[in-house]
Amino acid sequence: MNVHLLPWDSSCNLVEAANRLYDEAGTFDCIEKNDLVAIKLHVGELGNPYYVQPVFIHEIINKVKSLGGKPFFTDSNTYYLAQRHNAYDHMVTALMNGFNMAPFIVADGLKSENFQLVKTKGVLDEIEVAGAIAQADAMIVVSHCKGHELSGFGGAIKNLGMGCTSRSGKLRQHRVVDLMVDASKCIGCGKCRKACPWGFPGIIEGKAHITSEGCMRCSLCASSCPTDAISLIGKNKLGKAIASAAFGVLSTFEPKKVSYISFAKDITEFCDCLPNPGKIMLSDVGIFSSKMPVSIDAAFLNSVNYKVFNAASNVDCMVQVQEAKTLGLKGELNPKIEIFH
Numbered sequence: 009m010n011v012h013l014l015p016w017d018s019s020c021n022l023v024e025a026a027n028r029l030y031d032e033a034g035t036f037d038c039i040e041k042n043d044l045v046a047i048k049l050h051v052g053e054l055g056n057p058y059y060v061q062p063v064f065i066h067e068i069i070n071k072v073k074s075l076g077g078k079p080f081f082t083d084s085n086t087y088y089l090a091q092r093h094n095a096y097d098h099m100v101t102a103l104m105n106g107f108n109m110a111p112f113i114v115a116d117g118l119k120s121e122n123f124q125l126v127k128t129k130g131v132l133d134e135i136e137v138a139g140a141i142a143q144a145d146a147m148i149v150v151s152h153c154k155g156h157e158l159s160g161f162g163g164a165i166k167n168l169g170m171g172c173t174s175r176s177g178k179l180r181q182h183r184v185v186d187l188m189v190d191a192s193k194c195i196g197c198g199k200c201r202k203a204c205p206w207g208f209p210g211i212i213e214g215k216a217h218i219t220s221e222g223c224m225r226c227s228l229c230a231s232s233c234p235t236d237a238i239s240l241i242g243k244n245k246l247g248k249a250i251a252s253a254a255f256g257v258l259s260t261f262e263p264k265k266v267s268y269i270s271f272a273k274d275i276t277e278f279c280d281c282l283p284n285p286g287k288i289m290l291s292d293v294g295i296f297s298s299k300m301p302v303s304i305d306a307a308f309l310n311s312v313n314y315k316v317f318n319a320a321s322n323v324d325c326m327v328q329v330q331e332a333k334t335l336g337l338k339g340e341l342n343p344k345i346e347i348f349h
């Protein structure tokens, strides 16, 4: 099955063109009357200017309603301490960023206590799927294609694997990466401890020690170290964990009940989780639509020079897509792209 692409052309009405794209691609074929439909998106960290514009999301809501579905926005709380760490702050951020045309249900509850532990395949044995995701009848996964400092790239698969899991599920994925402190380089300055929002690094006998099971391997400590004494080992394993988590998330849905829309616009160096997502890395491409997560991510990466993401993050961003394919998620690594005008 092809991936459909609407090229980004501001000389036309892109909102109307996107609606025609969805019709051509059969994006909403997954929806039946009275379905509770999760519109899985990222509302953007407060201050981030590049998340998917609400005007496009509004039309997705209208499409779902026209088919008799009951749409709700959803995303899960972040593990790190910012403006989407709990449901209250998350909902306030969603409203401030313009997502007010449907109910916003934080998928994993007030303090990320609402999840279902499900079996999965790959580098993880099980994963905590956010409750509102696991209980939804259908889902439209709306993703912003961009770089990511730890996984290289964020698209549909990452939106599933990381975005549809609880805090504990996010930590489970991040913990597949190892962290090492080179004592011969460490000068015991304590900058790593100051950089860590949780204060996990400890200075013992003049050397940094980072042993907390709560450490998510975010790399803030490594970035702050003036002597490069801290390093993340096996960063490519995170992509495999994301794919493994995505498999678990999709196992909670009946076949053909999930569809994908990806916006390759304002393609930044880092993700929408940051208020300062870095520079624009690539020119705008357009809007992709597919019923297959592997195909839609592969279609975007094959359409651009994705190696700029690899260089920025020191991670092979194709790992998560290849692993998803290996695990049996639907799609092709070289899908045919049908250009829609």
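Following my numbering, the numbering of the sequence shown begins with 9 at its first residue and continues without gaps. All residues carry an ideal CB built from backbone N, CA and C; glycine is no exception. Small disclaimer: the values here were computed from a predicted structure and weren't measured.
{"Query": "Ignore the nearest five residues each way along the sequence and tell me which others in Gly-76's own chain have a CB closer than 7 angstroms to its CB.", "Result": "Lys-41, Asn-42"}
{"Query": "Judging by CA-CA distance, which residue of Leu-118, Leu-125, Ile-68 is the nearest neighbour of Leu-29?", "Result": "Ile-68"}
{"Query": "If you check the beta carbons only, do Pro-301 and Leu-132 fall under 8 angstroms apart?", "Result": "no"}
{"Query": "Measuring alpha carbon to alpha carbon, tell me which of Glu-346, Ala-307, Ser-84, Lys-71 ends up nearest Lys-178.", "Result": "Ser-84"}
{"Query": "Pick from Val-45, Phe-36, Leu-158: whose alpha carbon is nearest that of Lys-299?", "Result": "Phe-36"}
{"Query": "Please go through the same chain and pick out, in chain order, the residues whose beta-carbon is closer than 6 angstroms to the beta-carbon of Glu-340, but skip the five residues on each side of it.", "Result": "Ser-303"}
{"Query": "Specify the secondary structure class of Gly-52 as computed by DSSP and reduced to three states.", "Result": "coil"}
{"Query": "Apart from the five residues on each side of it in sequence, which residues of its chain come closer than 8 angstroms, Cβ to Cβ, to Pro-249?", "Result": "Residue identity differs from the one stated: residue 249 is Ala in this sequence, not Pro. Closer than 8 angstroms at the Cβ level, and outside the excluded window around Ala-249, lie Gly-130, Val-131, Leu-132, Gly-169, Arg-180, Gln-181, His-182, Val-184."}
{"Query": "State buried or exposed for Val-63, treating a residue as buried only when at least 16 other CB atoms are found within 10 Å of its CB.", "Result": "exposed"}
{"Query": "Look at Phe-112 and Ile-65 and say whether their C-beta atoms are less than 8 angstroms apart.", "Result": "no"}
{"Query": "Are the Cβ atoms of Val-150 and Val-60 separated by less than 8 angstroms?", "Result": "yes"}
{"Query": "For chain E, is any of its Cβ atoms less than 8 angstroms away from the one on Leu-187?", "Result": "Of the protein chains in this structure there is only one, and it is not chain E."}
{"Query": "Taking only runs of the alpha helix (DSSP H) that begin and end inside the stretch 182-267, which ones reach a length of at least 4 residues, in chain order?", "Result": "199-203, 228-232, 244-258"}
{"Query": "Kindly indicate the opening and closing residues of the beta strand (DSSP E) around Ile-148.", "Result": "146-152"}
{"Query": "For the stretch 193-207 against the stretch 258-274, do three or more pairs of beta-carbon atoms, one drawn from each stretch, fall closer than 8 angstroms, so that the two count as touching?", "Result": "no"}
{"Query": "Here's a check: name, in chain order, each residue in its chain whose Cβ is nearer than 6 angstroms to the Cβ of Ala-142, leaving out the five neighbours to either side.", "Result": "Gln-124, Thr-260"}
{"Query": "When DSSP labels each residue in this structure, what does Ala-352 get in the three-state scheme?", "Result": "Limits of the chain in this structure are 9 at one end and 349 at the other, which puts residue 352 out of reach."}
{"Query": "Answer yes or no: do Cys-279 and Gly-139 have a C-beta to C-beta separation smaller than 8 angstroms?", "Result": "no"}
{"Query": "Just to confirm before moving on: does the CB-CB distance between Tyr-58 and Asp-190 stay below 8 angstroms?", "Result": "no"}
{"Query": "Hey, is the stretch 327-339 in contact with the stretch 241-255, meaning 3+ C-beta pairs nearer than 8 angstroms?", "Result": "yes"}
{"Query": "Of the choices Thr-173, Asp-186, Ile-39, whose alpha-carbon is the least far from that of Ser-220?", "Result": "Asp-186"}
{"Query": "Give the secondary structure of Phe-348 by DSSP, where H, G and I count as helix, E and B as strand, and everything else as coil.", "Result": "coil"}
{"Query": "Which one or two residues does DSSP pair with Leu-44 in a beta bridge?", "Result": "Lys-78"}
{"Query": "Below 7 angstroms CB to CB, which residues in the same chain sit around Ala-25 once its five sequence neighbours on both sides are set aside?", "Result": "Leu-14"}
{"Query": "Would you please state the rounded distance, in angstroms, between the beta carbons of Leu-282 and Glu-53? I believe it to be under 8 angstroms.", "Result": "6 angstroms"}
{"Query": "Please indicate yes or no: does the CB of Ser-232 lie closer than 7 angstroms to some heavy atom of the ligand ATP?", "Result": "The ligand ATP is absent from the structure shown, which contains no ligand whatsoever."}
{"Query": "Have a look at Asp-116 and Thr-173 and give me their C-alpha separation to the nearest angstrom.", "Result": "7 angstroms"}
{"Query": "Going straight from the alpha carbon of Gly-55 to that of Gln-91, what length do you get?", "Result": "10 angstroms"}
{"Query": "Locate the alpha helix (DSSP H) running through Pro-57, then write down its first and last residues.", "Result": "Here Pro-57 belongs to no alpha helix (DSSP H), and DSSP marks it neither H nor E."}
{"Query": "Could you check the C-alpha separation between Val-293 and Asn-94 for me, to the nearest Å?", "Result": "33 angstroms"}
{"Query": "For Pro-62, name the three-state secondary structure that DSSP assigns.", "Result": "helix"}
{"Query": "From what residue to what residue does the alpha helix (DSSP H) around Gly-169 run?", "Result": "164-169"}
{"Query": "Is the CB-CB distance between Ile-135 and Gly-222 below 8 angstroms?", "Result": "no"}
{"Query": "According to DSSP, is Gln-91 part of a helix, a strand, or is it coil?", "Result": "coil"}
{"Query": "Quick one: grab the DSSP three-state call for Ser-303.", "Result": "helix"}
{"Query": "Confirm, please, whether the CB-CB distance from Met-188 to Val-45 is below 8 angstroms.", "Result": "no"}
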